Amino acid sequence: KAGVTQTPRYLIKTRGQQVTLSCSPISGHRSVSWYQQTPGQGLQFLFEYFSETQRNKGNFPGRFSGRQFSNSRSEMNVSTLELGDSALYLCASSLDGQGVYNEQFFGPGTRLTVL
Amino acid sequence: SQKIEQNSEALNIQEGKTATLTCNYTNYSPAYLQWYRQDPGRGPVFLLLIRENEKEKRKERLKVTFDTTLKQSLFHITASQPADSATYLCALESRAGNMLTFGGGTRLMVKP
Chain E
5 KAGVTQTPRY LIKTRGQQVT LSCSPISGHR SVSWYQQTPG QGLQFLFEYF SETQRNKGNF
65 PGRFSGRQFS NSRSEMNVST LELGDSALYL CASSLDGQGV YNEQFFGPGT RLTVL
Chain P
8 SQKIEQNSEA LNIQEGKTAT LTCNYTNYSP AYLQWYRQDP GRGPVFLLLI RENEKEKRKE
68 RLKVTFDTTL KQSLFHITAS QPADSATYLC ALESRAGNML TFGGGTRLMV KP
């Protein structure tokens, strides 16, 4: 079974631009979560999608948004990029994102650098 | 406010010894607690999940305990090996919602 894939792996943008990151979950997984990881703040939850609906949202500004398609693939978008958005963005999928079925399978991440 | 604390200092131990990592939390009522391993430049990898009504869980050389009274989980690696060197993260899922909140992680270094 193929693991979680994320594209692109590396991205360099400048302040004010926007960016879209893509995630393909493990086949059969219906829950997709996005996390931001930085050295200072650690791994922080952005949002979770289940059956094309945003089910949970972390404490991030509205510049961060996402969506999930009918095949469970997900995208996240960051508009008006700021220097502080430089981070490793991780996508994770799970069977249904709850309880004992909430084991997260992480992708390799997208390293975003904002100049 | 909710807080999950892991020892931010690296834990250095000798090969063959037991490594014990701590995860403490406050203002939280977790229904489940998970442990992950993360190697540099890679996404975390799931290791173990323990429910709030379970005291202990084992998997091969790994053991997790969960004390909801002390609000603490301990993660043990017995007969540690240099290949166990990595950052270990604990994550809590509350009853209120199914999102995971991660601790800051503890870096483990096992010396041969």
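From first to last, the protein sequence lines stand for chains E and P.
Here the first sequence is numbered in this note's numbering, starting from 5 and rising by one per residue.
Here the second sequence is numbered in this note's numbering, starting from 8 and rising by one per residue.
Note that the Cβ used here is the ideal one computed from N, Cα and C, for glycine as well.
Note that the structure is a prediction, hence the values are computed from the model and not measured.
Would you call the CB atoms of residue i and residue j closer than 8 Å?
i: Glu-22(P); j: Tyr-39(P); result: no
i: Gly-70(E); j: Asn-81(E); result: yes
i: His-83(P); j: Thr-29(P); result: no
i: Ser-28(E); j: Ala-96(E); result: no
i: Lys-17(E); j: Leu-116(E); result: yes
i: Met-106(P); j: Phe-54(E); result: no
i: Leu-18(P); j: Thr-113(P); result: yes
i: Gly-7(E); j: Phe-109(E); result: yes
i: Pro-51(P); j: Gln-45(P); result: yes
i: Gly-111(E); j: Thr-24(E); result: no
i: Glu-107(E); j: Leu-56(P); result: yes
Which first and last residues belong to the beta strand (DSSP E) in which residue i is found?
i: Lys-24(P); result: Lys-24(P) -> no beta strand (DSSP E), and no H or E assigned at all.
i: Thr-18(E); result: Neither: Thr-18(E) is in no beta strand (DSSP E) and is coded neither H nor E.
i: Tyr-43(P); result: 37–45
i: Gln-45(E); result: No beta strand (DSSP E) contains Gln-45(E), which DSSP labels as neither H nor E.
i: Thr-96(E); result: Reading off the sequence, residue 96(E) comes out as Ala, not Thr. From DSSP, the beta strand (DSSP E) with Ala-96(E) extends over 91–98.
i: Thr-85(P); result: Unbroken run through Thr-85(P): none, as it is neither H nor E.
i: Ser-101(P); result: 93–101
Rounded to the nearest angstrom, what separates residue i and residue j at their Cα positions?
i: Gln-88(P); j: Lys-5(E); result: 29 Å
i: Arg-34(E); j: Thr-72(P); result: 30 Å
i: Gln-41(E); j: Thr-76(P); result: 30 Å
i: Leu-94(E); j: Leu-96(P); result: 15 Å
i: Thr-114(E); j: Leu-92(E); result: 6 Å
i: Glu-56(E); j: Thr-33(P); result: 33 Å
i: Ser-80(P); j: Glu-100(P); result: 13 Å
i: Phe-51(E); j: Gln-13(P); result: 23 Å
i: Leu-87(E); j: Arg-67(E); result: 13 Å
i: Ala-90(P); j: Val-117(P); result: 8 Å
i: Gly-20(E); j: Ser-83(E); result: 7 Å
i: Pro-119(P); j: Arg-68(P); result: 18 Å
i: Asn-75(E); j: Ser-15(P); result: 39 Å
i: Lys-10(P); j: Pro-65(E); result: 21 Å
i: Gly-111(P); j: Ser-31(E); result: 30 Å
i: Leu-15(E); j: Gly-101(E); result: 28 Å
i: Leu-47(E); j: Phe-109(P); result: 6 Å
i: Leu-85(E); j: Leu-115(P); result: 34 Å
i: Glu-61(P); j: Asp-74(P); result: 9 Å
i: Arg-49(P); j: Tyr-39(E); result: 13 Å
i: Lys-78(P); j: Ala-98(P); result: 13 Å
i: Val-118(E); j: Lys-70(P); result: 41 Å
i: Asn-31(P); j: Gln-22(E); result: 37 Å
Should residue i go down as buried or exposed, given a rule of 16 or more other Cβ atoms within 10 Å for buried?
i: Arg-13(E); result: exposed
i: Gln-58(E); result: exposed
i: Asp-89(E); result: buried
i: Ala-93(P); result: buried
i: Gln-41(P); result: buried
i: Ala-86(P); result: exposed
Identify every residue that forms a DSSP beta bridge with residue i.
i: Thr-9(E); result: Ser-28(E)
i: Asp-74(P); result: Gln-79(P)
i: Gln-58(E); result: Tyr-53(E)
i: Met-106(P); result: DSSP, once it has assigned bridges, lists no residue as partnering Met-106(P).
i: Gln-9(P); result: Paired residue(s): none; Gln-9(P) is not in a bridge.
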